[in-house]
Amino acid sequence: MAYLTGKTKGGKDWTPNFVESIDPEKCIGCGRCFKACSRKVLGPEDFYDEETDTERMVMTIVNDDNCIGCMGCIVTCPKKCFTVAPLEV
1 MAYLTGKTKG GKDWTPNFVE SIDPEKCIGC GRCFKACSRK VLGPEDFYDE ETDTERMVMT
61 IVNDDNCIGC MGCIVTCPKK CFTVAPLEV
């Protein structure tokens, strides 16, 4: 299996990991990932929690094609609610 790879400024191999999903059960809607993403991949959305019968804001993937695999969103997430994977080529 081959993955999309690149080089760092120092010439080391680097494999970007792209956002695949966000677990709405774990997401607290803090917006840290939203602020960290300069590509506007993420956006807020209302989520209805059936267990607590409440509605709250969570982050969702709104512009999947804009993701460059930098993982800035993942690094800032305090709840580790992201699933990421390299891109197969």
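Position one of the sequence shown corresponds to residue 1 (the UniProt record's numbering), numbered consecutively onward.
Glycine included, every Cβ here is placed at the ideal spot set by N, Cα and C.
Nothing here was measured: the structure is a model prediction, and the numbers come from that model.
A residue is called buried when at least 16 other Cβ atoms come within 10 angstroms of its Cβ; L42 meets this threshold and is buried. Counting other Cβ atoms within 10 Å of its Cβ, V75 stays below 16 and is therefore classed as exposed. DSSP, reduced to helix, strand and coil, places D49 within a strand of the structure shown. Listed in chain order, the beta strand (DSSP E) runs fully inside the UniProt domain "4Fe-4S ferredoxin-type" (58-87) are 82-85, counting runs of at least 3 residues.
Going by DSSP, R39 is part of no alpha helix (DSSP H) at all; its letter is neither H nor E. Ranking T60, A36, E51, T54 by CA distance to the CA of P44 puts T60 first.
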